[in-house]
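Asker: With this note's numbering applied, the sequence shown closes on residue 162, and no number is skipped along the way. Below is a structure I'd like to ask you about.
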Amino acid sequence: MRVGHGFDVHAFGPGEGVKIGGVRVPHDRGVVAHSDGDVALHALCDALLGAAGLGDIGGMFPDSDAQWAGADSRVLLRRVVAEVQALGWRVANADLTVIAQAPRLAPHVPEMRARIAADLGVAEGCVNVKATPWARASTPPAPWATCRATSAPRA
């Protein structure tokens, strides 16, 4: 078994909602990103790629390549899973923590878990998604959303 860790962050910008964990979440802003800016799936991709020794999401889907402009991160995740599986690994579980002051994510977590599990090819019980706001004691320098993900592929 190997364990990988991923991290992603995107600033909020113009838009009418954000995509997190493969789910469109209503919000008065969007995110600034080359693809759809899904911090949860990007962090998960990095965790899987790291565990398999395949680099990171920026190496596999560079923002200098126009084909990834506006890309659906679920498509990216499924491609990462295929690359990991090609090396003889399969995903055992994934644990994600999304940190964002807004929008409120808790109502969307069950759908996120279901979509992520489907893309990973695992049971929903093998995927955990936690959502928490930034501590109010300190304020980040700009509005943003971030996610940390850990995944454990096994042979």
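Here a beta-carbon is modelled for each residue, glycine too, at the ideal position from N, C-alpha and C.
To which residues does DSSP link Gly20 through a beta bridge?
Answerer: According to DSSP, Gly20 bridges with Gly37.
Asker: When we look at the beta-carbon of Leu51 and count the other beta-carbons within 10 Å, is it buried (16 or more) or exposed?
Answerer: Leu51 should be labelled buried.
Asker: Work out the CA separation of Leu55 and Asp15 for me, nearest whole Å.
Answerer: Rounded to whole angstroms, Asp15 to Leu55 spans 13 Å at the Cα level.
Asker: With three or more C-beta pairs closer than 8 Å as the rule, is the stretch 90–107 touching the stretch 68–80?
Answerer: Segments in contact, no.
Asker: Kindly give me the distance between the Cβ atoms of Val10 and Ala58, rounded to whole angstroms, as I take these residues to be in contact under 8 Å.
Answerer: Contact holds; Cβ gap of about 6 Å.
Asker: Go ahead and pull the three-state DSSP assignment for Val30.
Answerer: Note: Val30 maps to strand in three-state DSSP.
Asker: With a threshold of 16 other CB atoms inside 10 Å of the CB of Ala113, please say whether the residue is buried or exposed.
Answerer: So Ala113 counts as exposed.
Asker: Across which residues does DSSP place Val25 in a beta bridge pair?
Answerer: Val32.
Asker: Under 8 Å between the Cβ atoms of Leu127 and Val82?
Answerer: Taking 8 Å as the Cβ cut-off, Leu127 and Val82 do not qualify as a contacting pair.
Asker: Does DSSP put Val91 in a helix, in a strand, or in coil?
Answerer: Looking at Val91 - three-state DSSP - the assignment turns out to be helix.
Asker: Mapping the DSSP letters down to three states, classify Arg86 as helix, strand or coil.
Answerer: Helix, per DSSP.
Asker: Are there 16 or more other CB atoms within 10 angstroms of the CB of His49, so buried, or fewer, so exposed?
Answerer: Flag for His49 reads buried.
Asker: What is the DSSP secondary structure of Val129, counted as helix, strand or coil?
Answerer: Note: Val129 maps to coil in three-state DSSP.
Asker: Would you kindly report the start and end of the unbroken alpha helix (DSSP H) that includes Ala59?
Answerer: Run containing Ala59: 46–59, per the alpha helix (DSSP H) assignment.
Asker: Return the CA-CA distance between Ala109 and His17, expressed in angstroms with no decimal places.
Answerer: Going from the Cα of Ala109 to the Cα of His17 covers about 13 Å.
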